[in-house]
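Shown next, in structure tokens, is the structure this report addresses.
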Amino acid sequence: MNTAFLLMAQYGGAAVIPISLVCRDYFSHLTPEKLVRKISTGEIALPLVRIEASQKAAKGVHLVDLARWIDQ
1010 MNTAFLLMAQ
1020 YGGAAVIPIS
1030 LVCRDYFSHL
1040 TPEKLVRKIS
1050 TGEIALPLVR
1060 IEASQKAAKG
1070 VHLVDLARWI
1080 DQ
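Residues in the sequence shown are numbered consecutively from 1010, following our numbering.
Below, the structure is given as structure tokens:
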């Protein structure tokens, strides 16, 4: 079965998964803030998406990017 399809089922078909949910489900040892920091510094190779251009905008991970990261 394809990882992307499983993630679609898990997250109700959402294209962008909020960083808090990604953190809860796959990085439970980190806080969302620490996860964002590790992604920003390149320690975790996972692209981060902002909903708007503002720095305070909600952050998330595209479903396909998360599927690729899981499959690595």
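Ideal Cβ positions, reconstructed from N, Cα and C, are used throughout, including at glycine.
Being a predicted model, the structure only gives us computed values, none of them experimental.
By DSSP, does Lys1047 sit in helix, in strand, or in coil? Per DSSP, reduced to three states, the secondary structure at Lys1047 is helical.
Boundaries (first-last residue) of the beta strand (DSSP E) holding Ile1026: According to the DSSP assignment, Ile1026 belongs to the beta strand (DSSP E) that extends over 1025 to 1027.
Taking 9 Å as the threshold (C-beta atoms), are Leu1072 and Ile1026 in contact? Taking 9 Å as the Cβ cut-off, Ile1026 and Leu1072 qualify as a contacting pair.
In whole angstroms, what is the alpha-carbon distance linking Val1031 and Ser1063? Near 21 Å, if we compare the C-alpha coordinates of Ser1063 and Val1031.
Environment of Gly1069 [buried if 16+ CB atoms lie within 10 Å]: Counting of Cβ neighbours within 10 angstroms places Gly1069 among the buried residues, the total reaching 16 or more.
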